[in-house]
Ligand code: SF4
Ligand code: SF4
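Residue numbers (the numbering used here): 2 to 150.
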C-alpha cells in the first residue's frame with residue numbers, strides 16, 4: 002500500500018543534468034504550451050504544430066526525433082546538456098518532479114529519487130506548496146488524472 006505524503010520535500014535541480022529529458026516517454030503539452038513555444042521560436046502556431054506536435058482527439062504531445070527523446074534537448078560531450086526552450090518548456094517539464102503521482106506518496110517520491118538526482122537535495126518545500134504545483138498537472142492534463150480530485 003502506498004504511503005501518505007511527507008510533510009515537506011526537498012528538491013533542487015542539478016546543473017547540467019538531463020536525466021528526466023532523456024528518459025523514455027512522451028512530453029505532453031497544452032494549447033498554451035504550443036502558443037508559447039511557437040512564439041519563443043519565432044514560428045507561427047501552424048508551422049510549429051506541423052513540425053513538432055502530435056495531436057489526437059484528447060491529447061497533444063511533442064513529436065519525437067529519431068535518435069533522441071526530445072527535439073529541444075541539447076546534449077554536450079560530457080553527457081549533460083540543457084533544454085533549448087527552457088523559458089517556455091511545457092507544463093510537465095516545468096513542474097517535474099512535483100507531479101501528483103509523486104508528491105502524494107512518500108514512498109513513490111523516494112523511489113523517484115533513484116531517477117532524479119535533484120530529489121531530496123536543496124531546501125525544504127512545504128507539502129502544500131508542492132501540492133499546489135502538482136495541481137497544475139491535473140489542470141493541464143485532466144485525462145491523465147481521472148481518479149484524482
Ligand atoms: S532529473 Fe531531476 S535533477 Fe536532473 S534535470 Fe531532471 S529534474 Fe533536474
Ligand atoms: S521540452 Fe525541454 S525540458 Fe522538456 S523534455 Fe524537451 S528538452 Fe527536456
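The beta-carbon is built from N, C-alpha and C at its ideal position, and this holds for glycine as well.
Relative to ligand 2, the nearest heavy atom lies less than 7 Å away from the CB of residue 90. Under the three-state reduction of DSSP output, residue 30 falls in the coil class, being neither helix nor strand. For residue 120, the distance from the CB to the nearest heavy atom of ligand 2 is not below 7 Å. Between residue 18 and residue 119 the beta-carbon gap is near 7 Å, inside 8 Å, which marks them as a contact. About 18 Å separates the beta carbon of residue 89 from that of residue 55, a gap too long to meet the 8 Å contact definition. Contact check for residue 94 against residue 46 fails: the beta carbons are separated by 8 Å or more. Of 36, 62, 98, 146, the smallest CA-CA separation from residue 134 is found for 98. With a cut-off of 8 Å on Cβ pairs, the segment 95-114 is in contact with the segment 2-13, counting three or more such pairs.
Bridge pairing for residue 127: 9 [DSSP]. Of 124, 38, 71, the smallest CA-CA separation from residue 15 is found for 124. Contact annotation: residue 114 and residue 31 have beta-carbon atoms that are not nearer than 8 Å. In this chain, the beta strand (DSSP E) harbouring residue 63 covers 61-63.
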